[in-house]
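*Asks:* Per UniProt numbering, residue 1 is the first one in the sequence shown, and the count goes up by one each step. Cβ coordinates follow ideal geometry from the N, Cα and C atoms, glycine included.
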Amino acid sequence: SLRMRVLACVRFAAHKGFGQVRLASASSQKKYVDLREDRAIYTTDPINYDEPKFDKILIANRGEIACRVIKTARAMGIKTVAVHSDVDSNSLHVKLADEAVCVGPAPTKESYLRVDKILQAVKDTGAQAVHPGYGFLSENTHFAADLEKIGVKFVGPNSKAILDMGDKINSKKIAAAAKVNMIPGYDGEIADEDMCVKVANEIGYPVMIKASAGGGGKGMRIAWNDKEAREGYNLSKREAASSFGDDRMLVEKFIDNPRHIEMQVLCDKHGNALWLNERECSIQRRNQKVIEEAPSSFVTPEMRRAMGEQSTQLARAVGYDSAGTVEFLVDGKRNFYFLEMNTRLQVEHPITESITGIDIVQQMLRVSYGHKLNFSQKDVPLQGWAFESRVYAEDPYKGFGLPSVGRLSRYVEPNHIEGVRCDSGIREGSEISIYYDPLICKLVTHGKDRATALARMRDALDGYVIRGVTHNIPLLRDICQEKRFNEGRITTKYLPEVYPEGFQGAVLTQEEEETVLSMAAALNARKIARSKQFKNQSRQQSTYVDPYKMTFKFVTEIPVEEGEVKKVPVQVSFENGNDKEARATINGKSVAISGDMNLAQPIIDLKANGKVVTTQIVGKKAGEITVVYKGTNFKVKVLPEHAVDYVKHMKPKAKVDLSSVVLSPMPGAIKQVSVKVGDMVAEGQQLIVIEAMKMQNGLHAGKTGKVKTVTVKEGQTVDEGEVLVELE
């Protein structure tokens, strides 16, 4: 058919590395087909199209990972079926798939976790295999077993391996028997909070309390004393029940200040087990990873081999037959201890693909079909360096990231930068809701060495445009320029150690501050000059004054501390009437600002005294312009000199006594209300438990007092900033 001939043409062009192919016929106009989604973009090896494969697979997931699997399946010539909730009906993964089936309403328990509806979708569409992605049903042994019963392949390990490794209590026993290095801990299930406290005291604080079936940082708490053990046990148990349907808990010794390093393994059904090098995942908040890199700057070749061999020993011991990840905690002396095995495709798998050239999803599909791995351990390369930044719809100024919701009013990925890969499942107009993980994109950069990959990450974050939701790019960008991170001196305590008071935004040097103020003043002068121009007017030319030959005198204000601002006079003029060449005078210094100062562009590339500066204008109004510099938004007041005296007469906003109220720190659902009107509460007492994006957070009293009002009840959804409890 014509379609098959077109596909053959596209695949041939993809093999040749062409970016576009032009299709033309006698009866049609010329048409260009973008190959970026139709070629094997995740591997350096060509796909063997003559090899037997599945005809159709179903992806039991959503968002970026569903899109990721669809793209490799498409490159292999495999048809895809997407499942979705009703609120996801217009999502990108639904549009990319060949078919789509709605499996229920928005809550995950009624849609993406409904095994019966997923199985029915498999039967209705005739899918031969199911790829679960990560999260949801990816480590559900019953789901894998149910698929086996109806003759459908589960694109992942066998159900026994999932059961053995997914149960953290049992997995530790198997790992110990396989002679994998182990962390001291209690070998069994923790029945209640009293037992948790008893075991914690026997092991010795600090301890890690975590769900046996957990993963992704959910159902996990660190306890340093009996009070934290009780509270952590209860919160983690509820979180585990909500996220995994399994609330069994365990307790083990918490290794203080370790690194978190994991090893990617890949196995087939013919006894082959390989390791694909390590990933450094130590930059974390609330036990969830923020930035990952591969390889680790801390791991020596000998240590890498030892970790890889222990990982494959464990994989063979459990009969593993797919892609998986063995996670280790590593102390300062390079001793490594088994943490857990994730029996699924890991979120951060793209950085392993970047340094090996191996498409892990493709290999999972091949192995699930029954093929042997088509390479051996000696064929696994280590090419260059890669970083992954998890771009979330989160407010990094609140506990390093509390969820944000909203619609993406402007969205531009930095794909124009060399070595950049964006794994996302959203587009401009997509909505980030309270029902699902707030991940926007996995931003990956690759380079010949660590410094190159990291420089590309900084450029990519500067060139990433996200409007409509609060996001964590300010934190990611600041980490990428921080001294310890650049030197590779990181542990799981990196964030609280580097930002002991929480993330406050980029801290500017004197030169950087002058650059920001000069840039803001120049852009504001460009805005005023443009508004003063008369286009296509032939009258009154004798009275017309070219605004680009005027001198603009401003007083700029930039926040320096909470409630404090710094006032700096800035004078701006344009060079020879050229709107692309401005000169600012600040603190007795001259700063040349050059470049296309087009205020309508989402990204503006300028030079400040010859140094390249990539900025964005995220807000502008009379007397104020908000620019992005090194990831952080700087709201700069740029006032004409004569207007400054009037500002002091404006009354400041009244401050709220936050100790007397409990506000919702994010949009979410109320899971527990522990007080009622008239109750006496102590400072630090937990009053409310709120859940957002499958994470539960306890909210505490800011002072000792009597409860005046309780405005919410269990099950109610609330917005960010909403008053939940008020004290007298």
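For residue 647, count neighbouring Cβ atoms within 10 angstroms of its own Cβ and tell me buried if that reaches 16, exposed if not.
*Replies:* As a position in the sequence shown, residue 647 is number 647, starting the count at 1. Exposed is the call here.
*Asks:* Along the chain, where does the alpha helix (DSSP H) that runs through residue 236 open and close?
*Replies:* Translated into positions along the sequence shown, residue 236 becomes position 236. Per DSSP, residue 236 belongs to the alpha helix (DSSP H) from 226–244.
*Asks:* Which term fits residue 124, buried or exposed, when burial requires 16 or more other beta carbons within 10 angstroms of its beta carbon?
*Replies:* On the sequence shown, position 124 is the one that residue 124 refers to. Exposed, because fewer than 16 other Cβ atoms sit within 10 Å of the Cβ of residue 124.
*Asks:* Indicate whether residue 571 and residue 556 have their beta-carbon atoms separated by less than 8 Å.
*Replies:* Looking up residue 571 in the sequence shown gives position 571. Looking up residue 556 in the sequence shown gives position 556. No, Cβ-Cβ distance for residue 571 and residue 556 is not below 8 Å.
*Asks:* If I measure Cβ to Cβ from residue 713 and keep anything under 8 Å in the same chain, skipping five residues before and after, which residues do I get?
*Replies:* Residue numbering aside, residue 713 sits at position 713 when the sequence shown is read from its first letter. 670 and 673.
*Asks:* Secondary structure at residue 492, three-state DSSP: helix, strand or coil?
*Replies:* The residue given as residue 492 occupies position 492 in the sequence shown. Residue 492 falls in the coil class under three-state DSSP.
*Asks:* Measure the CB-CB distance between residue 628 and residue 608 and report whether it falls below 8 Å.
*Replies:* Here residue 628 refers to the residue found at position 628 of the sequence shown. Here residue 608 refers to the residue found at position 608 of the sequence shown. Not closer than 8 Å, so no.
*Asks:* If you check the beta carbons only, do residue 469 and residue 417 fall under 8 Å apart?
*Replies:* Within the sequence shown, numbered from 1, the residue matching residue 469 stands at position 469. Within the sequence shown, numbered from 1, the residue matching residue 417 stands at position 417. Their beta carbons are not under 8 Å apart, which means residue 469 does not touch residue 417 by this criterion.
*Asks:* Could you check what DSSP says for residue 26 in three-state terms: helix, strand or coil?
*Replies:* Your numbering for residue 26 matches position 26 in the sequence shown. Interpretation of residue 26 is limited by its pLDDT of 37, a score under 50 that renders its predicted location unreliable; no figure is taken from the coordinates.
*Asks:* Spatial neighbours of residue 130 within its chain, please: C-beta separation below 8 Å, excluding the five flanking residues on both sides.
*Replies:* If you number the sequence shown from 1, residue 130 lands on position 130. Hits under 8 Å: 57, 58, 59, 60, 118, 122, 147, 152, 153, 154 and 155.
*Asks:* Alpha carbons only, please: which of 497, 499 and 478 is nearest the one belonging to residue 508?
*Replies:* Against the sequence shown, residue 508 aligns to sequence position 508. Distance check between residue 508 and each of 497, 499 and 478 places 478 closest, using alpha-carbon atoms only.
*Asks:* With DSSP as the reference, identify every bridge partner of residue 572, one or two as the case may be.
*Replies:* Against the sequence shown, residue 572 aligns to sequence position 572. Paired residue(s): 552 and 584.
*Asks:* The ligand HEM and residue 706: does the residue's C-beta get closer than 7 Å to at least one heavy atom of that ligand?
*Replies:* What this structure holds is no ligand at all, so the ligand HEM is not there to describe.
*Asks:* Quick check: the Cα distance between residue 411 and residue 196, rounded to an integer number of angstroms?
*Replies:* Walking along the sequence shown from the start, residue 411 turns up at place 411. Walking along the sequence shown from the start, residue 196 turns up at place 196. Their backbone Cα atoms lie some 46 Å apart in a straight line.
*Asks:* According to DSSP, simplified to helix, strand and coil, what is residue 666?
*Replies:* For this step, residue 666 is matched to residue 666 along the sequence shown. DSSP places residue 666 in coil when its eight states are reduced to three.
*Asks:* Do you know how far the Cα of residue 667 is from the Cα of residue 527?
*Replies:* One-based indexing of the sequence shown puts residue 527 at position 527. One-based indexing of the sequence shown puts residue 667 at position 667. Near 36 Å, if we compare the C-alpha coordinates of residue 667 and residue 527.
*Asks:* Looking only at C-alpha atoms, which of 392, 335 and 449 sits nearest to residue 288?
*Replies:* Here residue 288 is taken as the residue at index 288 of the sequence shown, counted from 1. Closest by alpha carbon: 392.
*Asks:* Quick one: is residue 208 buried, meaning 16 or more other Cβ sit within 10 Å of its Cβ, or exposed?
*Replies:* Within the sequence shown, residue 208 is the residue found at index 208, counting from 1. Around the Cβ of residue 208, a 10 Å sphere holds 16 or more other Cβ atoms; the residue is buried.
*Asks:* Have a look at residue 709 and residue 700 and give me their C-alpha separation to the nearest angstrom.
*Replies:* As a working note, residue 709 is residue 709 in the sequence shown. As a working note, residue 700 is residue 700 in the sequence shown. Residue 709 and residue 700 have their alpha carbons spaced roughly 15 Å apart.
*Asks:* By the three-class DSSP mapping on this structure, what secondary structure does residue 695 have?
*Replies:* Position 695 of the sequence shown, counted from the first residue, corresponds to residue 695. Residue 695: strand per DSSP, three-state reduction.
*Asks:* Would you tell me roughly how many angstroms separate the C-alpha atoms of residue 149 and residue 98, rounded to the nearest one?
*Replies:* One-based indexing of the sequence shown puts residue 149 at position 149. One-based indexing of the sequence shown puts residue 98 at position 98. Their Cα atoms are separated by approximately 26 Å.
*Asks:* Under 8 Å, do residue 168 and residue 340 count as touching if we go by C-beta distance?
*Replies:* Position 168 of the sequence shown, counting from 1, holds the residue named residue 168. Position 340 of the sequence shown, counting from 1, holds the residue named residue 340. Less than 8 Å divides the Cβ of residue 168 from the Cβ of residue 340.
*Asks:* At which residues does the beta strand (DSSP E) containing residue 682 begin and terminate?
*Replies:* Taking the first residue of the sequence shown as 1, we reach residue 682 at position 682. Looking at the DSSP string, residue 682 is not in any beta strand (DSSP E), and its letter there is neither H nor E.
*Asks:* Do residue 101 and residue 143 have their C-beta atoms closer together than 8 Å?
*Replies:* Your numbering for residue 101 matches position 101 in the sequence shown. Your numbering for residue 143 matches position 143 in the sequence shown. Not a contact, by the Cβ cut-off of 8 Å.
*Asks:* How about residue 200 and residue 223: are their beta carbons less than 8 Å apart?
*Replies:* Residue mapping note: residue 200 aligns to position 200 of the sequence shown, counting from 1. Residue mapping note: residue 223 aligns to position 223 of the sequence shown, counting from 1. Yes, the pair counts as a contact, with Cβ atoms nearer than the cut-off.
*Asks:* To which residues of the same chain is residue 491 closer than 7 Å at the C-beta, ignoring the five residues directly before and after it?
*Replies:* If you number the sequence shown from 1, residue 491 lands on position 491. Correct list, in chain order: 257, 258, 259 and 282.
*Asks:* Comparing C-alpha positions only, which one of 726, 68 and 725 sits nearest to residue 362?
*Replies:* As a first step, residue 362 is located in the sequence shown; it is residue number 362 there, counting from the start. Measuring from the Cα of residue 362, the nearest candidate turns out to be 68.
*Asks:* Do you know whose CA, among 64, 502 and 75, lies nearest residue 47's CA?
*Replies:* Position 47 of the sequence shown holds residue 47. With distances taken between Cα atoms, residue 47 lies closest to 75.
*Asks:* Taking just the CA atoms, how far does residue 305 sit from residue 658?
*Replies:* Working through the sequence shown from its first residue, we reach residue 658 at position 658. Working through the sequence shown from its first residue, we reach residue 305 at position 305. Cα to Cα, the separation comes out at about 53 Å.
*Asks:* How about residue 450 and residue 420: do their beta carbons lie closer than 8 Å?
*Replies:* Stepping through the sequence shown from its first residue, residue 450 is reached at position 450. Stepping through the sequence shown from its first residue, residue 420 is reached at position 420. No, the pair does not count as a contact, with Cβ atoms beyond the cut-off.
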